[in-house]
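There are 2 protein chains.
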Amino acid sequence: MQSNDPIQIGLAGYGTVGTGLAQILLNNRDWIFRRLGREVRIKTILVRDLSKVRSAIPSPETVFTDRIEDLIDDPELDLVVELIGGYDVAYRIITGALRSGKSVVTANKALLAEHGPELLSLASRNNLGLSYEASVAGGIPIVQTLKESLAGNRIKSLTAILNGTANYILSEMTEKGLQFEEALDMARKMGYAEADPSLDVDGIDAAHKLTVLIRLAYGEDYPYRALSVEGISGVEPYDIMRAKDFDYEIKLIAQVKEKSGSLQAGVFPALVRNDHMLAKVDGPFNAILLEGNAVGPIMLYGQGAGDLPTGSAVLADIMTLVNRKSFYNNTGFLETSLPKASILPSELTAAKHYFRFTVQDRPGVLSVLSGIMGEHNISIAQVVQKQEANGQTVPVVFLTHTAQLKDVTSAMHEISKLEFIKAPTVHYRLL
Amino acid sequence: MQSNDPIQIGLAGYGTVGTGLAQILLNNRDWIFRRLGREVRIKTILVRDLSKVRSAIPSPETVFTDRIEDLIDDPELDLVVELIGGYDVAYRIITGALRSGKSVVTANKALLAEHGPELLSLASRNNLGLSYEASVAGGIPIVQTLKESLAGNRIKSLTAILNGTANYILSEMTEKGLQFEEALDMARKMGYAEADPSLDVDGIDAAHKLTVLIRLAYGEDYPYRALSVEGISGVEPYDIMRAKDFDYEIKLIAQVKEKSGSLQAGVFPALVRNDHMLAKVDGPFNAILLEGNAVGPIMLYGQGAGDLPTGSAVLADIMTLVNRKSFYNNTGFLETSLPKASILPSELTAAKHYFRFTVQDRPGVLSVLSGIMGEHNISIAQVVQKQEANGQTVPVVFLTHTAQLKDVTSAMHEISKLEFIKAPTVHYRLL
């Protein structure tokens with residue numbers, strides 16, 4: 000390719016992010032030219048259904064196709080951008096493009112979480128770029144930051160809000176006292192939630208992204224299936240209110256921590272103190288708070304999804320690949336394949352905890368509960384018992400000091416067998 | 000240089016940041032090697048006073064010198080890192096190194112603000128790197144983010160807290176009701192303020208950094224001397240308290256906005272609403288909030304100074320220069336020299352405003368003041384008059400709707416001549 004020729008892109012998928020990318024290329028064309036000295040053109044777009052009428056087309060010359068070969072075998076394409084999502088087709092596009100000598104930009108967190116090691120290793124062996132800024136937290140430059148800007152840091156911990164849909168739902172529940180289902184309906188109306196919201200509300204999407212971030216932060220592969228993942232569909236307004244009384248908010252948190260060489264990682268709803276930076280992250284926003292051993296705490300905040308924000312990240316990857324030409328820093332590490340992470344069992348997690356027990360309203364209950372906690376090394380920081388209208392059962396809320404999750408599990412097991420416990424106990428970690 | 004040989008660094012200055020860099024290189028040596036495949040060694044350190052006893056020395060082989068030539072003329076050095084600060088010597092080191100074919104990493108915001116165009120153009124003409132992540136906001140990767148991660152975005156505005164000392168002082172005044180001088184003493188005790196704090200509290204340091212950021216965000220040179228700069232030494236606890244009543248905090252803000260192709264930029268104390276992300280930035284922390292035309296709002300937050308955070312940024316620049324070898328993206332634009340910015344006069348700034356008038360306590364005053372404001376197209380949002388102890392004069396506080404700064408200036412001029420005005424009027428913009 001001549002150095003002033005346009006950069007020819009083969010794009011797979013023309014949904015939200017693909018049309019966003021096309022729009023940015025159009026709106027900011029001169030600006031991009033000032034930085035690259037070349038135009039970026041979408042030459043070919045691979046779609047599933049060629050018959051679908053499309054209103055916004057990048058240019059009259061853009062060719063739509065439903066044949067993967069038109070992307071991976073076209074020698075005129077400088078780069079392939081995979082925005083089709085899912086596993087099978089996306090996998091064939093990415094591996095096909097890399098095998099035919101084309102660098103790839105992708106936003107596919109699910110594929111990277113599950114097949115990242117193989118794909119990244121294939122890219123390295125072929126000395127090609129496989130870039131994925133858009134796969135985590137939309138336009139927030141967290142991939143770039145971990146690969147280069149914090150490259151000299153050991154990362155002690157990373158704590159993040161990585162799913163805008165779940166965060167929006169919890170924000171709505173907190174602000175307006177809505178039930179989960181009502182807030183989910185709001186999210187659907189706002190276009191934040193899919194028809195099937197399970198990837199978002201069950202924590203799966205956040206877990207995919209966390210897997211990608213762990214690789215970048217620690218240079219190790221943490222098997223996605225080994226993550227402990229808990230979603231928000233069980234979160235009740237009652238606990239959001241009690242959390243508020245204690246100056247906390249409930250957020251869906253993705254977290255990884257390093258502890259004597261092992262990693263402890265998961266996605267879970269947690270109580271976050273009001274004065275914590277992550278507590279300010281409301282609505283569909285994302286944020287990543289890192290603790291580096293040199294830089295200290297750093298937070299990056301922005302929109303975690305959407306056509307233009309995610310398109311902005313895709314474009315950054317395209318421009319960086321074009322500029323650097325031969326230096327492909329796909330993981331931030333030199334190895335063609337990364338070692339497996341040593342995993343700390345989640346039972347060894349130490350945290351403060353929130354419990355809501357639903358108990359029969361009678362004397363002595365508090366003493367039994369606190370006795371069992373004490374026997375399991377769980378020391379209590381605060382107790383709140385509020386008389387409720389029904390008279391039969393009352394909720395008793397405990398905040399604990401730091402305790403091991405294994406002690407919590409065994410205490411909860413013992414408590415669950417008590418006859419005065421009238422409903423499953425609600426349990427959250429404090430951040 | 001052989002590709003597995005250690006990277007040999009010549010370091011100018013061995014103060015806070017230099018020793019921080021040496022410490023990170025020591026602590027994270029294996030980690031850095033995993034990313035570079037090479038060791039990073041500080042071969043030579045240029046200091047002003049060779050006789051000074053130094054406790055932490057990078058390695059027994061490190062040579063201390065007081066001759067600039069030992070850095071710029073040593074063919075074994077791969078890079079020169081300038082952390083000596085100031086203008087003359089730093090200028091000679093940077094230009095000397097670039098002329099002798101060495102890329103340079105610097106943290107020198109003052110030099111970059113005043114002589115950036117010349118230095119960056121020299122680096123470009125020699126196809127060398129001149130990197131300066133550490134010059135703005137310590138370890139926060141704002142330079143990298145503007146150069147690459149947001150490269151496809153037009154930046155609509157950038158609003159930032161860029162001076163940790165000033166922010167710490169204002170936080171202390173807000174939290175503890177301290178006078179400026181008391182909070183400054185606290186900052187000195189904490190090691191956040193220099194013996195001569197004027198660079199920090201007068202807004203000069205923030206203005207230097209803003210100049211560097213404007214260049215990166217807009218690809219234009221905004222002459223440092225053309226910035227309007229106002230510091231915080233005149234901020235009084237009384238106004239902080241009133242601002243609090245209105246749900247605002249006073250922060251030292253560095254801001255640039257684009258308006259029909261022209262830039263409007265300055266450093267000034269401003270009222271920031273409590274629910275604004277920048278209002279949460281307390282103590283010695285920095286944050287940069289950007290609005291891109293694709294990515295939307297993005298915020299980066301972290302420690303703006305200190306040995307290890309700033310050392311982390313210096314190291315990121317070193318590692319990036321080593322990795323990329325021949326691609327030097329010093330400004331993010333291809334031009335060897337950038338065009339001059341078109342400057343929008345600050346009088347054309349539109350903002351909401353806070354006024355505190357000190358008036359003689361007598362009837363009709365409020366009507367005269369609001370009348371003059373109305374004549375100058377300033378519409379009033381809130382008025383608070385609280386009776387104070389002294390009885391002679393009373394403060395009257397106004398919050399206005401959006402008004403032009405030129406109208407504000409002429410109204411204030413007219414008001415200052417009124418005989419019932421008993422002290423200079425306090426005026427802040429609202430963010």
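Chains R and C supply the protein sequences, listed in that same order. Here the first sequence stands for residues 0 to 430, where the numbers follow numbering that gives the first Met the number 0. Here the second sequence stands for residues 0 to 430, where the numbers follow numbering that gives the first Met the number 0. Backbone N, C-alpha and C define an ideal beta-carbon position, used for all residues, glycine too.
Item: For chain R, check one thing: does any of its Cβ atoms lie closer than 8 Å to the Cβ of residue 437/C?; Value: Residue 437/C lies beyond the residue range present for chain C, which begins at 0 and ends at 430; the question has no answer from this structure.
Item: For residue 468/R, go through chain C and note every residue whose CB falls closer than 8 Å to its CB, in chain order.; Value: No answer is possible for residue 468/R: the residues shown for chain R start at 0 and end at 430.
Item: Helix, strand or coil for residue 351/C per DSSP?; Value: strand
Item: Do you know how far the Cα of residue 113/C is from the Cα of residue 163/C?; Value: 21 Å
Item: Using a Cβ-Cβ cut-off of less than 7 Å, give me the residues of the region 267-279 of chain R that come near chain C, in sequence order.; Value: 276, 279
Item: Would you mind working out which of 245/R, 365/R, 229/R sits nearest residue 254/R, comparing C-alpha positions?; Value: 229/R
Item: Does any residue of chain R bring its CB to less than 8 Å from the CB of residue 189/C?; Value: no
Item: Name the DSSP beta bridge partners of residue 399/R, please?; Value: 379/R
Item: Taking residue 92/R and residue 42/R to be in contact with their CB atoms under 8 Å, please state how far apart those CB atoms are, rounded to whole angstroms.; Value: Incorrect: roughly 15 Å between the Cβ atoms, too far for contact.
Item: For residue 57/R, collect the residues of the same chain with a Cβ closer than 6 Å to its Cβ; drop the 5 residues on either side in sequence, then sort them by chain order.; Value: 21, 41
Item: Measure from the alpha carbon of residue 299/C to the alpha carbon of each residue in 311/C, 309/C, 285/C, 307/C, then state which is nearest.; Value: 285/C
Item: On the criterion of 16 or more Cβ atoms from any shown chain inside 10 Å, does residue 152/C qualify as buried, or is it exposed?; Value: buried
Item: Run through DSSP, which three-state label would residue 108/C get?; Value: helix
Item: What is the rounded straight-line gap between the Cα of residue 185/C and the Cα of residue 199/C?; Value: 14 Å
Item: Which term fits residue 86/C, buried or exposed, when burial requires 16 or more other beta carbons within 10 angstroms of its beta carbon?; Value: exposed
Item: According to the neighbour-count rule (16 or more other Cβ atoms, all chains shown, within 10 Å of its Cβ), is residue 50/R buried or exposed?; Value: exposed
Item: Quick test of the definition: if touching needs 3 or more C-beta pairs under 8 Å, does the region 313-329 of chain C touch the region 188-205 of chain C?; Value: no
Item: State the start and end residues of the unbroken beta strand (DSSP E) segment that holds residue 480/R.; Value: With chain R running from 0 to 430 in the structure shown, residue 480/R is simply not present.
Item: Alpha carbon to alpha carbon, how far is residue 106/C from residue 235/C? Give it in angstroms, no decimals.; Value: 33 Å
Item: Closer than 9 Å by beta-carbon distance: list the chain C residues that pair up with residue 302/R, in chain order.; Value: 294, 295, 296, 297
Item: Quick check on residue 12/R - is its C-beta less than 8 Å from some C-beta in chain C?; Value: no
Item: Take the Cβ of residue 189/C as the centre, count every other Cβ of all protein chains shown within 10 Å, and call the residue buried at 16 or more, exposed below.; Value: exposed
Item: What are the residues of the region 344-369 of chain C that lie near chain R, defined by any Cβ-Cβ distance shorter than 7 Å?; Value: none
Item: Does DSSP classify residue 5/C as helix, strand or coil?; Value: coil
Item: With a floor of 3 residues, list each beta strand (DSSP E) that falls wholly inside the region 291-321 of chain C, ordered by position along the chain.; Value: 295-302
Item: With distances taken Cα to Cα, identify the nearest neighbour of residue 218/R among 13/R, 150/R, 165/R, 226/R.; Value: 150/R
Item: Exposed or buried, residue 194/R, counting other C-beta atoms within 10 Å across all chains shown (16 or more means buried)?; Value: exposed
Item: Can you tell me whether residue 1/C is buried or exposed, with buried defined as 16 or more other CB within 10 angstroms of its CB?; Value: Here the model assigns residue 1/C a pLDDT of 47, short of 50, so the residue's position is not dependable, and the following value carries that caveat. Exposed is the call here.
Item: Buried or exposed, going by whether 16 or more other CB atoms sit within 10 Å of the CB of residue 240/C?; Value: exposed
Item: Using 8 Å as the cut-off, can you tell me whether the region 241-250 of chain R makes contact with the region 263-282 of chain R, which would need three or more C-beta pairs spanning the two stretches below that distance?; Value: yes
Item: For residue 218/C, return the contacting residues in chain R, with the cut-off set at a CB-CB distance below 9 Å.; Value: 30, 33, 34
Item: Considering only their Cβ atoms, is the gap separating residue 143/C from residue 134/R smaller than 8 Å?; Value: no
Item: With distances taken Cα to Cα, identify the nearest neighbour of residue 231/R among 225/R, 29/R, 203/R.; Value: 203/R
Item: When the Cα of residue 376/C is compared with those of 89/C, 404/C, 362/C, which residue comes out closest?; Value: 404/C
Item: Tell me whether the beta-carbon of residue 101/C lies closer than 8 Å to the beta-carbon of residue 80/C.; Value: no
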